[in-house]
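What follows is a short report on a single structure.
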Amino acid sequence: MGKRLGILFTMVVVICLSLTMSTFGAEKEVAYLSLADYTGPIAGLNVPADMGLEDFIKEVNAKGGVDGVKIKFIGIDTRYDVARAVSAYKRYRRTPRLLMVNSISTGIGKAVARLIERDKKAQLVPGDGEFQAHIGRTFLWGPAYQDAFAATLDWIMDDWKKKGKSGTPVVGYLSWDNPYGREHLRGGKEYAEKLGIKFLPPEFFPPGTLKHDVYLTRLAKAGADYIHAGGVDPTPTNVIRDGHALGLTKTIQFTTDYWGPTALGIGVHAEALEGTVITSFYERGEDARNNPFVTDQWKKYRGSMDKFNEVYGMGMSWGMTYVAGLKKALKTTGYDNLKANHMYKAYQELTGLKKHDIQGPCAYSPKSRLGSKVVKIYRVKDGKIVPITGWREVPNAVGLHTF
Amino acid sequence: MRPCGVFDKSYALDIAIIRTWQHWAVLISALVFLYLFPLFGSYYLISFINLLCISIIVVLGLQIVSGFCGQISFGQAAFMAVGAYTSSILTIRYGISFWLALPLSGIMAGAVGIIGGAPSLRIKGMYLAMATIAIHFVVIWVILHMEITGSFKGLYPMPPSIGGFEFDTDERMFYIIVSVVIIMTYAARNLMRSKVGRAFVAIRDNDLAGEVMGVNLYYYKLLAFFISCFYAGVAGSLWAHLITVVNAEQFTLLHALEYVGMLIIGGMGSIPGVFFGVLFIRILNELVMFTSPALAKALPWMGSSPAASLGLIAFGLAMAVFLIFEPRGLAHRWEIFKSSYRLYPFAH
Amino acid sequence: MIEFLQHSITGLMTGSLYALVAAGIVLVYKSTHVVSLAHGQLVAFGALFFWFFLGGLGLPFWAGLIPAFVLTALLGLAIERVALRPLIGQPLLAAFLMTFALFIALEGVFVLYLKGETRTLPHFLPQGNLHVAGISVPINQLIGFCVALLLFGLLSLIFKHTKLGLGMRATAEDHRLAQSTGIVVKTIFSYIWILSGIVAAVAGIATANVMDIYYMLPYIGINGLIVAICGGLDSLAGALIVGLLLGVVENVGAAYLDPLVGGGIKDVAGYAVLLLVLLIRPYGLFGLVKIERI
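Residue numbers (my numbering), protein chains in the order written: chain H, 1 to 403; chain P, 1 to 348; chain L, 1 to 294.
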């Protein structure tokens, strides 16, 4: 028995090694490392987003790459685990021409940011305002969480006035009991005070909570006119479902941030989610489905539009930024001397880069780490996500908080 | 079993851990190799060994409480968190040097471990295991909801330094971590040969008989928890200053389960088993993690994420297959191998 | 008062789900003395199979239910036959670890199929709320609650009044003794895992009724484990009572304690209760007290 086991094990090792060896190539190549959670709690966000990026890179490479340089996509599954991510980063740190590391999850982003600074590389993270407050080598995908939340608060004020109500709106907030869930308030809370909004004590619950009735009834009892449901989908969907079952959706307007419900989830819970407002820095719902640039690529690589997820488009926008940055970096140094530091500098010069309207114009600059400064407000109407505003500038909520 | 032709001619030889000159030669050359490793080893290998060594310290502690004393603990990740946070708080908030904070964080984790080990006075077996899982969640929750731990923001400890020399790279930390591992292994190996170690084994094998023989159960059970958590705390401190970011999300129940997995695969009640177990799981983990991008490239229709979930399946299955074919752990295999080469050229 | 009652009722509904999950764990422990961590995955797969027939293939409710039961039961049987039977005679910790390995492997399969997406069951139960004296209860959850109670009744009937149940009880008492009276212990193990699979499918469907099918679903197994241990690992009644209690404690705790400590009580409520119970009554509230000194 032992012998057979040994042979089996050796075979596995040999296969693994040969697979690893096969990845070495002689072409001109630059690398993009994605430290993503493919099999963990935020896989629903990571998988389609990286799909979009991977397909985009395939498309670029098929057309001969960027000035003859091909892009290599390395996707590592971190399972939301910091130790794994750090280990993976260290493994790929010395990859020739590793120009960008995308770290998905607040904890991982913070841990890798340290190493990135030391190695003079560049990093992308979702939306922690901390990286805008302390300018470094870490770039955000879009506006910071707190900025986007402030934009939601702006919309709430508009809506309140439009409804012709007097006094100030009362806003409740509930989200995951983890760093991501609390990030919005670092700055968001100060902005609410500035607007004169009555901000209720925030509610936090563990990811994977079955029912959110307690939190919702408490907020409703405190007189909330608006409730902002945080967390990465399906959490906001489930929160609003619970709110609907409690009959709160009639009197309270629910809002979510850009990880709110996607068209896939809304199809099933159309009734409960009706009227929900989503603040997003990338195109969602009908907008994304009508963007030929996105849908063409999806149809080419993924087939039918039934399972189309808007986050796919967001992944493509990372690719566009990367390609534009690479072009700039190649122009300044050429391929042979290309280092991540050049990419870091190139990214700062991308101000105003257009991304086929998937996302607002790029806002990276020496003083800004924001991927874009505009959001669109969407609303669920008849089971579809439709825009109710054009691109709107986000307020600077990061600046209101001392980090 | 002694190798052929080796006899204990004196008491000193009888109690020696290292008996023959071949042993000494292997040991010394291995140590020299280890300490020279950063000069020629690849950066990735060095950082891998660093993480490996930290896990080894944690599992050594687990071996003492579970393997030797028979009290199964799933709280090791939480106690590691206590160590990491203590060390960070001491160095950041109170300006205490890392060299003092390292043992202090071990002691702090040990103190929390005594509280955590208290249920062992009433319960054992799977019930105790579940109690330690509960302790894990309570400890993490408390850490998250306290002000001094930086709550959800976490802490940013600095790398250790001595006289202006900063241990700020993996190569430099390697020396500290490897030295600590060597000391801790030596201590664990010797502890098991002492009165305390024998008391632990007595509790594991038959607690009633142990008590009759004069082993104070309460004292020794709590002592086992203290030592085990001391190890975890020291590992946590090293982790904190290696990664330089401490966050409660770094210490999850899955880690604790993984540590127990390393223990079982390595073999309960054996110090070399700890090394085998940690190596096996860590290498399996790395293989799975790094072959999935290659797999995604080899099978482009599949994409990155399904390749990652295949890795998960492979990990689970490898562990399952291992448990079926070698439930007594790699240390058992190692013993079989050792006795066969020692007997060579004879068959029995 | 009304508010307190409302929170308690909501907690009871959630608690019935915990109890259902715990029931499967108790069944397995009772006869095989294996604490199964993989049970959460069985629950998730039960829900996923049901979704596959109902939402994926568009079959009617009953036509979806039966194959979901059969498939989950087969999965349970496969776990017993392939993974756990070779470990008979090995330390129980090895078996526990095996269920952990299975948890990871099955999680991989789960994620491989879902690809990070969410699946939602179509509404197969009447929607809407029932209002009684100022308290509102969602009808679909009330049905789930009743099903849970029925299932526990059914299980205790099986245990008390069938030959199979008698065999299971005998096996739970002592493997060797049972063997010597002509009960084939290994076959009983298989039956138990099949039964546990069916119970898991019920739990999965009831849970997916409240929560979408996604990555977090298998982790309800941890709550089930807490309940099973608090109730005493070998007591079905304990699982039911403690399950309901835990739901209430979590919910009421979140309602009245959260504002005092800054949130997140639901995270630890269960574990705090578990610790307390273990310290006061080591074999769980309703477990069989073994006369053994520690």
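Ideal Cβ placement from N, Cα and C applies to all residues, glycine included.
Under 7 Å from the C-beta of residue i: neighbouring residues of chain P
i: H:Val82; result: Asn247, Glu249 and Gln250
i: L:Val35; result: Met126
i: L:Glu107; result: Leu312
Per-residue contacts from residue i into chain L (C-beta, under 8 Å)
i: H:Thr209; result: Lys266
i: H:Ala245; result: Asn129 and Pro138
i: H:Gly264; result: For clarity, residue 264 of chain H is Leu in the given sequence; the question names Gly instead. Within chain L, the residues near H:Leu264 are Glu117 and Thr118.
i: H:Gly44; result: Gly116, Glu117, Thr118, Tyr214 and Tyr215
Neighbouring residues, chain C, relative to residue i (Cβ below 9 Å)
i: H:Tyr173; result: Absent from the structure: chain C. Protein chains present are H, P and L.
When the options are compared against residue i, the one with the closest alpha-carbon
i: P:Leu238; options: P:Trp24, P:Lys9, P:Met146 and P:Val82; result: P:Val82
i: H:Ser175; options: H:Gly360, H:Phe254, H:Ser317 and H:Met305; result: H:Phe254
i: P:Val59; options: P:Ser47, P:Ile46 and P:Ser73; result: P:Ser73
i: P:Met108; options: P:Phe226, P:Met213, P:Phe290 and P:Ala320; result: P:Phe226
i: P:Trp141; options: L:Ser16, L:Val261, L:Ile280 and L:Val289; result: L:Val261
i: L:Ile104; options: H:Ala49, H:Lys161, H:Lys376 and H:Gly40; result: H:Gly40
i: P:Ala131; options: L:Ala254, L:Phe45, L:Leu246 and L:Leu225; result: L:Leu225
i: L:Phe110; options: L:Ile241, L:Ile213 and L:Gly284; result: L:Ile213
i: H:Leu216; options: H:Pro207, H:Pro206, H:Asp233 and H:Val239; result: H:Val239
i: L:Ala170; options: L:Tyr283, L:Lys30 and L:Asn223; result: L:Lys30
i: H:Thr279; options: H:Thr152, H:Tyr89 and H:Pro126; result: H:Thr152
i: P:Leu284; options: P:Val32, P:Gly61, P:Phe315 and P:Glu335; result: P:Phe315
i: H:Leu99; options: H:Ala340, H:Trp141 and H:Glu193; result: H:Ala340
i: P:Leu242; options: P:Leu317, P:Pro159 and P:Arg193; result: P:Pro159
i: L:Ala228; options: L:Leu157, L:Leu288 and L:Val70; result: L:Leu288
i: L:Leu128; options: L:Arg119, L:Thr120, L:Pro122 and L:Pro138; result: Residue identity differs from the one stated: residue 128 of chain L is Gly in this sequence, not Leu. Among L:Arg119, L:Thr120, L:Pro122 and L:Pro138, the Cα nearest to that of L:Gly128 belongs to L:Pro138.
i: L:Val43; options: L:Leu112, L:Asp258 and L:Ile205; result: L:Ile205
8 Å Cβ cut-off: residues of chain P touching residue i
i: H:Pro179; result: Phe152, Lys153, Gly154, Asn247 and Glu249
i: L:Phe96; result: Met126 and Ala129
i: H:Lys90; result: Tyr43, Tyr44, Ser47, Phe48 and Asp170
i: L:Gly46; result: Result: empty, since nearest Cβ-Cβ is about 19 Å, beyond 8 Å.
i: H:Lys110; result: Gly154, Val245 and Asn247
Proximal chain P residues relative to residue i, where beta-carbon distance stays under 9 Å
i: H:Thr39; result: Ser305, Ala308, Ser309, Gly311 and Leu312
i: H:Arg93; result: Tyr43, Tyr44 and Ser47
i: L:Gln41; result: Per Cβ cutoff of 9 Å: no residues; L:Gln41 is ~10 Å from chain P at best.
i: L:Ile220; result: Per Cβ cutoff of 9 Å: no residues; L:Ile220 is ~14 Å from chain P at best.
Contacts that residue i makes with chain L (C-beta to C-beta distance below 7 Å)
i: H:Asp406; result: The requested residue 406 of chain H is not part of the displayed model; chain H covers only 1 to 403.
Under 8 Å by beta carbon: chain H residues contacting residue i
i: L:Asn251; result: Lys211, Asp213 and Val214
i: L:Val111; result: Tyr38, Thr39 and Ala43
Contact set between residue i and chain H, taken where Cβ atoms lie within less than 7 Å
i: L:Val210; result: Leu210 and Lys211
i: L:Pro259; result: Pro201
i: P:Phe293; result: According to the sequence as given, residue 293 of chain P is Pro; it is not Phe. Going along chain H in sequence order, the residues near P:Pro293 (Cβ under 7 Å) are Ile74, Gly75 and Ile76.
Chain-ordered chain H contacts of residue i [CB-CB under 9 Å]
i: P:Tyr102; result: For the sequence presented, residue 102 of chain P should be read as Leu rather than Tyr. The contacting residues do not exist; P:Leu102 stays about 20 Å from chain H at best.
i: L:Ala272; result: Near L:Ala272 there are no residues of chain H at all, since even the closest Cβ is about 14 Å away, more than 9 Å.
Proximal residues of chain L, C-beta to C-beta of residue i below 9 Å
i: P:Pro119; result: Leu275, Leu278, Leu279 and Pro282
Legend entry - Cβ pair count under 8 Å reaching 3, the segment 248-259 of chain P against the segment 78-98 of chain H: yes
Inset, instruction - Could you list the residues in the segment 5-25 of chain L with a C-beta less than 7 Å from some C-beta on chain H, going in chain order? - result: His7, Thr10, Thr14 and Leu17
Legend entry - Meets three-Cβ-pair contact criterion under 8 Å: the segment 270-288 of chain H and the segment 230-245 of chain H: yes
Inset, instruction - State whether the segment 263-273 of chain L contacts the segment 32-41 of chain L, with contact taken as three or more CB pairs (one from each stretch) at a distance under 8 Å. - result: no
Inset, instruction - Any chance you could list the beta strand (DSSP E) runs of at least 3 consecutive residues sitting entirely within the segment 178-231 of chain H, in chain order? - result: 203-205 and 226-229
Inset, instruction - Could you name each continuous alpha helix (DSSP H) segment of 4 residues or more that falls completely within the segment 280-333 of chain H, going from the start of the chain to the end? - result: 285-289, 292-302 and 311-333
Inset, instruction - Evaluate contact between the segment 181-197 of chain H and the segment 227-236 of chain L, counting only Cβ atoms and requiring at least three cross-stretch pairs below 8 Å. - result: no
Inset, instruction - Would you be able to state if there are at least three C-beta pairs under 8 Å between the segment 266-276 of chain P and the segment 179-194 of chain P? - result: yes
Legend entry - Whole alpha helix (DSSP H) elements within the segment 333-401 of chain H, 4-residue minimum: 340-348
Inset, instruction - Inspect the CB distances between the segment 7-24 of chain L and the segment 44-52 of chain L and report whether three or more fall short of 8 Å. - result: no
Legend entry - Contact between the segment 67-74 of chain H and the segment 210-218 of chain H (3+ Cβ pairs under 8 Å): no
Legend entry - Contained beta strand (DSSP E) runs [length at least 3] in the segment 105-131 of chain P, N- to C-terminal order: none
Inset, instruction - Determine, using beta-carbon pairs with one atom in the segment 41-51 of chain H and one in the segment 207-223 of chain L, whether at least three such pairs fall under 8 Å. - result: yes
Legend entry - Contacting positions in the segment 78-90 of chain L - beta carbon closer than 7 Å to chain P: Ala83, Pro86, Leu87 and Gln90
Legend entry - Members of the segment 215-244 of chain P that neighbour chain H once the beta carbon cut-off is set at 7 Å: Ile243 and Thr244
Legend entry - Segments assigned beta strand (DSSP E), at least 3 residues, entirely inside the segment 143-198 of chain P: none
Inset, instruction - Spell out a yes or no on whether the segment 182-193 of chain L and the segment 179-192 of chain H are touching, meaning 3 or more CB-CB pairs, one atom from each, closer than 8 Å. - result: no
Inset, instruction - Residues of the segment 119-136 of chain H with a CB closer than 8 Å to any CB of chain P: list them in chain order, please. - result: none
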